[in-house]
Each structure stands twice: as C-alpha cells, then as structure tokens.
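Student:
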Amino acid sequence: MSAAEVSLSPVSVKNKKKKKTFFTLMLRNRLALIGLFFIIIWTLFALVAPFIAPHSPTETDTISKLQGPTAAHWLGTDNYGRDILSRILYGARISIWTGLIGVGISFLIGVPLGAIAAFYGGKIGDFIMRCMDVLLAFPSLILAMAIAASLGPGLTSAMIAVGIVGIPEFARLMYGQTITLKEKEFVEASKAIGVKDTTILFRHIFPNALGPILVHATLSMGFAILVASSLSFLGLGIQPPTPEWGAMISEGREYIITGQWWLVTFPGLAIATSILGFNLLGDGLRDVLDPRLRSSK
Amino acid sequence: MEPLLKVDDLRTQFHTDAGLVNVVDGVSLELKKGEILGVVGESGCGKSVTSLSVMQLLPKDISKVASGSITLEGQDILAMSPSRLRKMRGNQISMIFQEPMTSLNPVFKIGDQIMEAIRFHMKISKKEAKVYAIEMLKKVGISRPESVVDEYPHQLSGGMRQRVMIAIAMACEPKILIADEPTTALDVTIQAQILNLMRQLQQEKGTSIMLITHDLGIVAQMCDRVVVMYAGQVVEETDVKSLFKNPKHPYTKGLLASLPQLSGNQNKLKSIPGQVPALDEMPTGCRFAPRCEFRMDECDTSKPNLLNVAENHTCRCYLYQKEEIPS
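Taken in order, these protein sequences are the chains called A and B. Using our numbering, the letters of the first sequence correspond one by one to residues 340 to 636. Using our numbering, the letters of the second sequence correspond one by one to residues 14 to 340.
1. Return no unless some Cβ of chain A is closer than 9 Å to the Cβ of residue 202 (chain B).
2. Does the beta carbon of residue 460 (chain A) come closer than 9 Å to any beta carbon on chain B?
3. Starting from residue 349 (chain B), follow the beta strand (DSSP E) in both directions and report where the run begins and ends.
4. If I measure Cβ to Cβ from residue 19 (chain B) and keep anything under 6 Å in the same chain, skipping five residues before and after, which residues do I get?
5. Which of the three DSSP states, helix, strand or coil, is assigned to residue 314 (chain B)?
6. Counting only C-beta atoms, is residue 645 (chain A) closer than 9 Å to chain B at any point?
7. Spatial neighbours of residue 370 (chain A) within its chain, please: C-beta separation below 8 Å, excluding the five flanking residues on both sides.
8. Just how far apart, CA to CA, sit residue 481 (chain A) and residue 437 (chain A)?
9. Residues of chain B with CB closer than 7 Å to the CB of residue 534 (chain A), please, in chain order.
10. Spell out whether any CB of chain A is found under 9 Å from the CB atom of residue 172 (chain B).
11. If distances are taken between C-alpha atoms only, which option among A:514, A:478, A:491, A:489 comes closest to residue 466 (chain A)?
12. Which one or two residues does DSSP pair with residue 193 (chain B) in a beta bridge?
13. To the nearest angstrom, how far is it from the Cα of residue 108 (chain B) to the Cα of residue 532 (chain A)?
14. Report yes or no: do the segment 416 to 433 of chain A and the segment 384 to 401 of chain A share at least 3 C-beta pairs separated by less than 8 Å?
15. Select from the segment 513 to 526 of chain A all residues with a C-beta closer than 7 Å to any C-beta belonging to chain B, and list them in chain order.
16. Excluding the five sequence neighbours on either side, which residues of its own chain have a C-beta within less than 8 Å of the C-beta of residue 303 (chain B), listed in chain order?
17. When you compare the CB of residue 404 (chain A) with every CB in chain B, is at least one pair closer than 9 Å?
18. Among the candidates B:318, B:118, B:222, whose CA atom is the shortest distance from the CA of residue 248 (chain B)?
19. Which residue comes first and which comes last in the beta strand (DSSP E) that contains residue 28 (chain B)?
20. Could you please give me the residues that DSSP links to residue 305 (chain B) through a beta bridge?
21. What separation, rounded to the nearest whole angstrom, lies between the Cα atoms of residue 112 (chain B) and residue 203 (chain B)?
22. Thinking just about the alpha-carbon of each residue, which of B:38, B:64, B:182 is nearest to the one in residue 50 (chain B)?
23. Return no unless some Cβ of chain B is closer than 9 Å to the Cβ of residue 537 (chain A).
24. Going by C-alpha to C-alpha distance, which of B:75, B:90, B:74, B:73 sits closest to residue 81 (chain B)?
25. Between residue 569 (chain A) and chain B, is the shortest Cβ-Cβ distance under 9 Å, so that the two count as touching?
26. Between residue 414 (chain A) and residue 423 (chain A), how many whole angstroms is the CB-CB distance? I'm expecting something under 8 Å.
27. With a threshold of 6 Å on Cβ separation, who are the neighbours of residue 516 (chain A) within its own chain once the five nearest residues in sequence on each side are excluded?
28. Just the Cα atoms here: how many angstroms apart are residue 294 (chain B) and residue 244 (chain B)?
29. If we count the other Cβ atoms within 10 Å of its Cβ and call it buried at 16 or more, is residue 469 (chain A) buried or exposed?
30. Going by the beta-carbon positions, is the gap between residue 518 (chain A) and residue 457 (chain A) smaller than 9 Å?
31. Give every residue of the same chain whose Cβ lies closer than 7 Å to the Cβ of residue 27 (chain B), excluding the five residues on either side of it in the sequence, and list them in chain order.
32. Check whether the Cβ of residue 531 (chain A) lies closer than 9 Å to any Cβ atom in chain B.
33. Return the first residue and the last residue of the beta strand (DSSP E) that residue 341 (chain B) is part of.
34. Unbroken beta strand (DSSP E) runs of length 3 or more, entirely within the segment 159 to 209 of chain B: which are they?
35. Taking residue 328 (chain B) as part of the alpha helix (DSSP H), name the residues at either end of that continuous run.
36. Whole angstroms is fine: what's the gap from residue 56 (chain B)'s alpha carbon to residue 324 (chain B)'s?
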C-alpha cells in the first residue's frame with residue numbers, strides 16, 4: 340500500500356463520522372421526528388389526494404348533508420353534503436403549496452435584502468432596514484389582510500400576502516448574520532486576495548448564514564399555513580368551493596352551536612398538526628445545526 | 014533602485030466619538046524587491062492600519078486615507094478603480110493575517126479556498142486549479158496534500174491552517190506579501206516553522222515581505238530592514254544590525270531593554286513606563302516625551318522631525334540634532 344493510501348483512510352472515516360452525526364442527532368431528537376412524521380404524512384396526503392379521497396371534494400349531496408362521522412363519510416359531511424375527509428385531503432395540497440410559495444417569496448426577497456443592507460451598509464442599508472421596520476410595525480395578519488384585500492381575494496393573492504408578510508423577518512435575520520459574518524477574518528482574507536463583493540456574499544457569507552435561515556424557513560412554513568388559513572377564514576383567501584382548511588372552518592363555524600362539531604374540528608386538527616409538524620422540525624433543526632447546542636449534548 | 018512599494022507621508026484618519034483622529038500620521042516607508050521589511054511597534058501604533066491602507070481594505074464608513082501617497086511600481090494605489098484594486102490584491106500584493114483559526118471559511122473545503130484566488134487571477138479550468146492547489150499545499154509543507162484539499166478548516170491544526178493561508182496568499186506569486194503578525198497566534202515551535210517557510214518562499218520567488226510584528230525576536234531572525242512605529246509615526250528606521258547594535262530612539266532602546274536576556278543576571282525585566290497616548294490626546298511635542306527618560310524642554314513644545322543620524326538610519330528624536338548628517 341502506498342503512503343498516500345495509508346493517509347487517506349483516516350480522513351474518509353472522519354468525514355463519514357461527521358455526516359453520521361447530523362443524522363444520528365436528528366434521529367435522537369424525538370420531537371423533531373414527530374414533526375417530520377406529520378410533515379411527511381401531510382405531504383403524502385397532498386400528493387395522492389386524488390387517488391385516496393373517497394369522494395370528490397366539491398361534489399354536493401344535499402340528502403346526506405350535515406351528517407356526523409359514518410362508514411360512508413369517515414369525518415362526516417358539511418352543510419352542502421360534501422365529504423369532509425376528501426376536502427381535508429385536497430385542502431392539504433392548497434395549504435402546503437401556499438406555505439411553500441409564501442415562504443419562498445419571503446426567502447427570495449428577504450434574504451438578499453438583508454444581505455445587501457448589511458454588506459453595503461450606509462444609506463442603502465438604512466433605507467432597506469427602515470422599510471422592513473415599517474412592515475414589521477403592522478400586526479402580520481392585519482398586513483396580510485390589507486395586501487390580500489388590495490390584490491383581490493384568491494389563491495395567488497393569499498400566497499403573495501403570506502410572502503410579503505414574511506419578508507422582514509428573513510431580512511432581519513440575514514442582516515444580523517451578515518453583519519457578524521462580514522467582519523470575520525475569512526471575509527477580509529478573501530478581499531485581500533481580490534475576491535469580488537458579490538462572490539464574497541454568495542460564496543462566503545450566505546453558506547455560513549444558511550443554518551439559522553433554514554430553521555426560520557421551516558418555522559415560517561407553519562406560520563404561513565396559519566396566515567393563509569386565517570385569510571381564507573376571513574374570506575380574503577381561497578374562494579369557495581375550493582377546499583381550504585381555513586375556509587372550511589369559516590363555513591362550519593355557525594354549526595358549532597347546533598352541535599355539528601365535525602365541520603370545524605377536523606380541519607382545525609389538520610391545521611394544528613401540520614403547523615406543529617413544521618414547528619417541531621424547525622426546533623429540531625435548530626438544535627442539530629447549532630454547534631453550540633450540539634456540543635453541550 | 015526604484016522601490017517596489019513606496020508609502021509617502023501617509024495620513025489615515027478614523028472617525029471616533031472625539032472626532033477625526035490620525036491613526037497613521039505621516040508614515041513614509043519603502044519596500045525594495047526581495048527585501049523583508051519589519052514593521053515593529055506596540056498594539057495600536059498604526060502598523061496594521063498602514064498595511065490595510067496599502068491594500069485599500071480600510072473599513073470604508075469609518076476611515077479614510079486623508080493625504081499622502083502609496084505607489085506600487087510607480088502606480089498610484091490610491092487612484093486605482095475598485096476592479097483594478099481587485100486585480101492587484103492577491104496578484105501583486107497579498108496578505109496573511111494573525112488569526113489562522115478564523116481566516117478560513119469554515120464551510121468550504123481547503124482546496125476550494127485556494128482555488129478561489131487561483132481561478133480569479135489566472136483564468137484556468139477547475140481541474141488545473143485543483144492540481145495547482147495541491148502543488149501549492151505541497152510547497153507550503155503540508156503532508157498528504159491530496160486529501161487535505163478535500164478537508165474542511167476545522168480538521169486542520171492552527172499551524173496547518175496558517176500554512177494554507179500562506180498557500181492562498183502565495184498562489185498567484187505576488188510581488189509583495191504583507192504578513193500581519195503571522196505567528197502571534199501560534200505555538201513557539203510552529204512559529205519557527207512558519208517563519209522558515211516564509212523565508213524559504215521569499216528566497217525562491219524573490220517576494221518582498223512586509224512583516225508586521227511586535228516581536229523583536231522575529232525581526233532579528235527574519236528582517237533586512239526595520240521600521241519602528243510609535244503612536245502612528247515612524248520613530249526609527251534602519252537595517253536590522255544597526256537596530257540591535259546601535260538603537261537610537263529612546264523608544265527603540267526601551268523595547269530592546271524590555272527583552273528578556275538569556276545571559277547576565279538581570280532579575281527584573283525592564284519596561285517602558287506609562288502608556289501610549291490616546292489618539293485624540295496626542296502631546297503637542299514629541300509623542301513619546303511623556304514616557305521618555307531623556308526628555309528635554311523642547312520635546313514638550315515642538316515636534317521632532319525624522320533625522321538622518323547615520324547612513325540609512327533615521328530617527329525622530331531631538332537627542333541627535335547635533336549628529337544629523339545631511340542627506
């Protein structure tokens with residue numbers, strides 16, 4: 340065996356060890372696993388909804404309206420006789436999709452804004468961050484309502500509203516990360532060998548800031564689903580008859596008093612479990628990705 | 014011979030709560046080809062700010078070069094465009110820093126970080142750059158370079174990281190290497206290895222090195238010429254032999270006296286009394302006067318100039334007014 344081969348082996352072992360720790364730590368974190376389980380379940384439901392849904396989500400059947408859970412309708416029917424289980428399964432598609440697009444918008448706009456504001460500083464930085472402060476000054480739901488209302492109700496405007504509401508949080512997080520990272524010596528060292536500003540931002544600062552941003556993105560997913568549902572509940576989001584969890588609760592709320600609890604309970608549980616899933620996963624990711632917390636274990 | 018790098022009457026200012034202060038105040042120095050120039054002084058005397066001024070890497074929003082000139086082979090660095098400056102950095106002047114533990118990006122492999130400089134300045138393919146990176150690692154004395162290129166900074170020791178930093182800095186064969194306290198954060202045995210490596214690369218490539226340090230031992234070992242700085246000014250400049258044999262400025266004398274001696278029965282180390290004056294409270298006369306044991310009346314009232322006290326030996330002190338030789 341040559342000298343090179345001998346010296347190679349301990350390195351590869353070391354690399355494997357490092358990769359292993361991420362997954363083992365993740366596996367050891369039970370709450371995060373529960374979160375992941377919920378997310379996977381809902382994602383699966385969303386993907387295969389057309390195949391597993393027992394009924395059409397929009398098909399009305401006035402004869403069997405407002406029925407409690409039965410063998411034919413596991414989770415009961417609503418006031419138009421639509422199957423609630425089918426509507427929840429189809430609703431998962433809309434909720435997860437809104438969450439993904441909404442958080443995507445927040446991420447793609449917020450992160451560059453924060454990075455630019457921190458990296459270049461000065462007047463541009465002040466201007467960007469004060470704009471973010473203005474956005475943060477509004478309660479997020481009020482802001483989302485204002486945006487959704489001005490764009491007109493609908494799925495697209497709900498996504499845009501959810502996205503815009505999330506921008507300042509991402510911007511501030513990235514701003515803080517960049518401020519500390521840009522003073523690091525490796526950034527100065529790359530400047531000293533002639534690396535361009537944009538390259539430094541993309542190659543040196545962004546990957547180092549990614550951990551906290553990723554955690555925030557996961558946590559925001561839950562929030563985005565909640566805001567989208569709230570908008571639909573208020574009638575500013577997805578319009579009937581499209582199945583959406585928030586809208587389902589909105590339509591079913593008047594029947595709580597008359598005893599038809601299944602109209603709101605099951606969509607409510609769907610919202611709760613999906614948000615819980617993303618929050619638990621986000622917390623778990625934070626524990627695993629933060630080296631300081633990792634070493635204490 | 015025309016010097017490679019010439020700093021002339023450089024004045025670099027920082028905004029502070031007390032207003033604008035001169036952190037570097039009228040510094041002039043020259044770096045000739047193939048020479049190792051030591052820049053010595055206490056912390057806060059303006060050594061690092063001088064080097065950052067040369068690289069034009071001063072923090073933009075709080076500092077600026079107020080006057081003076083910096084020329085690289087006759088070209089004015091202060092007048093260069095940002096893109097021209099980027100081409101200069103790494104290619105003509107490179108820099109290594111004090112803290113090897115934080116000077117490498119923790120999320121990138123060693124190879125990628127070396128290749129970054131190589132590919133930016135040399136415009137070669139990724140494959141060629143990797144071969145070159147391995148070559149550079151070999152040159153700086155890293156064993157098993159083929160596997161180190163694929164490792165992350167946290168897998169290397171401090172000494173190895175500083176070797177990697179040197180590999181990055183030397184990759185494009187710059188004419189000038191500015192080393193800002195390159196060994197301060199390292200163990201003494203590693204220090205010697207790193208200094209030897211720098212010396213060896215300097216002899217191979219004929220690179221000029223500006224070595225910033227507070228360690229006179231390193232100066233004695235490495236440098237050809239020395240600039241002693243105090244409170245933002247050059248107080249003495251000479252070749253390394255004269256500095257140790259025949260120091261002129263009271264501050265230099267104090268620095269040398271405060272070195273521990275292996276021989277002799279010195280019980281207590283000497284120190285220079287007092288502290289470096291704050292930037293906004295500089296004395297009106299000589300800046301060293303409040304701490305100087307040879308202080309005279311005129312030291313408090315007027316500023317001494319750099320005097321030619323011997324051939325290639327300048328000193329900023331009134332003690333040598335009578336000895337001055339016309340330049």
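Where a beta carbon is used, it is the ideal one built from N, C-alpha and C, also for glycine. Quantities reported herein were computed from a predicted structural model and do not represent experimental measurements.
Tutor: So, from the listed chains and residues:
1. As a first step, residue 202 (chain B) is located in the second sequence; it is residue number 189 there, counting from the start. With 9 Å as the cut-off, residue 202 (chain B) does not count as an interface residue toward chain A.
2. Numbered from 1 along the first sequence, position 121 holds the residue referred to as residue 460 (chain A). With 9 Å as the cut-off, residue 460 (chain A) counts as an interface residue toward chain B.
3. Any answer about residue 349 (chain B) is impossible in this case: the structure gives chain B only from 14 up to 340.
4. Reading the second sequence from its first residue, position 6 is the one you call residue 19 (chain B). Hits under 6 Å: 43, 84.
5. Your numbering for residue 314 (chain B) matches position 301 in the second sequence. DSSP places residue 314 (chain B) in helix when its eight states are reduced to three.
6. Past the edges of chain A, shown from 340 to 636, lies residue 645 (chain A), and the structure says nothing about it.
7. Within the first sequence, the letter at position 31 stands for residue 370 (chain A). The answer, listed in chain order, is 619, 622, 623.
8. As a working mapping, residue 481 (chain A) is identified with position 142 in the first sequence. As a working mapping, residue 437 (chain A) is identified with position 98 in the first sequence. The alpha-carbon atoms of residue 481 (chain A) and residue 437 (chain A) are separated by roughly 18 Å.
9. Counting from one through the first sequence, the residue named residue 534 (chain A) turns up at place 195. Ordered by position in chain B, the residues that pass the 7 Å Cβ test against residue 534 (chain A) are 129, 133.
10. The residue you call residue 172 (chain B) lines up with position 159 of the second sequence. Chain A, which has no Cβ nearer than 9 Å to the Cβ of residue 172 (chain B), makes this no.
11. For the purposes of this step, residue 466 (chain A) is taken as residue 127 along the first sequence, with counting starting at 1. Here the closest residue by C-alpha is A:514.
12. Here residue 193 (chain B) refers to the residue found at position 180 when the second sequence is read from its first residue. Per DSSP, B:225.
13. Here residue 108 (chain B) refers to the residue found at position 95 of the second sequence. Here residue 532 (chain A) refers to the residue found at position 193 of the first sequence. One Cα belongs to residue 108 (chain B), the other to residue 532 (chain A), and the distance between them is close to 7 Å.
14. As far as the Cβ criterion goes, the segment 416 to 433 of chain A touches the segment 384 to 401 of chain A, which means the pair count is three or higher.
15. Going along the segment 513 to 526 of chain A in chain order, one finds 523, 524, 525 with a Cβ nearer than 7 Å to chain B.
16. Sequence index remark: in the second sequence, residue 303 (chain B) carries index 290 (1-based). Excluding five sequence positions before and after residue 303 (chain B), the CB atoms of its chain that fall closer than 8 Å to its own CB belong to 287, 290, 296, given in chain order.
17. In the first sequence, counting from the first residue as 1, residue 404 (chain A) sits at position 65. Taking Cβ atoms only, chain B never reaches closer than 9 Å to residue 404 (chain A), which makes this a no.
18. Here residue 248 (chain B) refers to the residue found at position 235 of the second sequence. Nearest C-alpha to residue 248 (chain B): B:318.
19. On the second sequence, residue 28 (chain B) is found 15 positions in, with the first residue counted as 1. 18 to 29 is the extent of the beta strand (DSSP E) around residue 28 (chain B).
20. Position 292 of the second sequence, counting from 1, holds the residue named residue 305 (chain B). Residue 305 (chain B) is not bridged to any residue.
21. Within the second sequence, numbered from 1, the residue matching residue 112 (chain B) stands at position 99. Within the second sequence, numbered from 1, the residue matching residue 203 (chain B) stands at position 190. The straight-line gap separating the alpha-carbon atoms of residue 112 (chain B) and residue 203 (chain B) is approximately 14 Å.
22. Working through the second sequence from its first residue, we reach residue 50 (chain B) at position 37. Comparing Cα-Cα distances from residue 50 (chain B) to each of B:38, B:64, B:182, the minimum goes to B:64.
23. Taking the first residue of the first sequence as 1, we reach residue 537 (chain A) at position 198. Chain B, which has no Cβ nearer than 9 Å to the Cβ of residue 537 (chain A), makes this no.
24. Sequence index remark: in the second sequence, residue 81 (chain B) carries index 68 (1-based). For the residues B:75, B:90, B:74, B:73, the minimum Cα distance to residue 81 (chain B) belongs to B:90.
25. Within the first sequence, numbered from 1, the residue matching residue 569 (chain A) stands at position 230. Output row for residue 569 (chain A): interface = no.
26. The residue labelled residue 414 (chain A) in the question sits at position 75 within the first sequence. The residue labelled residue 423 (chain A) in the question sits at position 84 within the first sequence. Under the criterion of beta carbons closer than 8 Å, residue 414 (chain A) and residue 423 (chain A) qualify as touching, at roughly 4 Å.
27. Locating residue 516 (chain A) in the first sequence gives position 177, counting from the first residue. Excluding positions up to five away in sequence, the list reads 548.
28. What you label residue 294 (chain B) is simply residue 281 of the second sequence in a count that begins at 1. What you label residue 244 (chain B) is simply residue 231 of the second sequence in a count that begins at 1. In a straight line, the C-alpha of residue 294 (chain B) is about 11 Å away from that of residue 244 (chain B).
29. Numbered from its first residue, the first sequence carries residue 469 (chain A) at position 130. So residue 469 (chain A) counts as exposed.
30. One-based indexing of the first sequence puts residue 518 (chain A) at position 179. One-based indexing of the first sequence puts residue 457 (chain A) at position 118. For residue 518 (chain A) and residue 457 (chain A), yes; Cβs fall inside 9 Å.
31. Mapped onto the second sequence, residue 27 (chain B) falls at position 14. Within the same chain, residue 27 (chain B) has close Cβ partners 34, 36, 75, 76.
32. Position 192 of the first sequence, counted from the start, is the residue given in the question as residue 531 (chain A). True, the Cβ-Cβ gap to chain B drops below 9 Å.
33. Lying outside 14 to 340, the shown extent of chain B, residue 341 (chain B) is not represented and no answer is given.
34. Look at the segment 159 to 209 of chain B and you find these whole runs of beta strand (DSSP E), each 3 residues long or longer: 189 to 193.
35. As a first step, residue 328 (chain B) must be located in the second sequence, where it is residue number 315. Membership of residue 328 (chain B) in any alpha helix (DSSP H) is not indicated; the residue belongs instead to the beta strand (DSSP E) covering 326 to 328.
36. For the purposes of this step, residue 56 (chain B) is identified with residue 43 of the second sequence, where counting begins at 1. For the purposes of this step, residue 324 (chain B) is identified with residue 311 of the second sequence, where counting begins at 1. Cα atoms of residue 56 (chain B) and residue 324 (chain B): separation of roughly 29 Å, rounded to the nearest angstrom.
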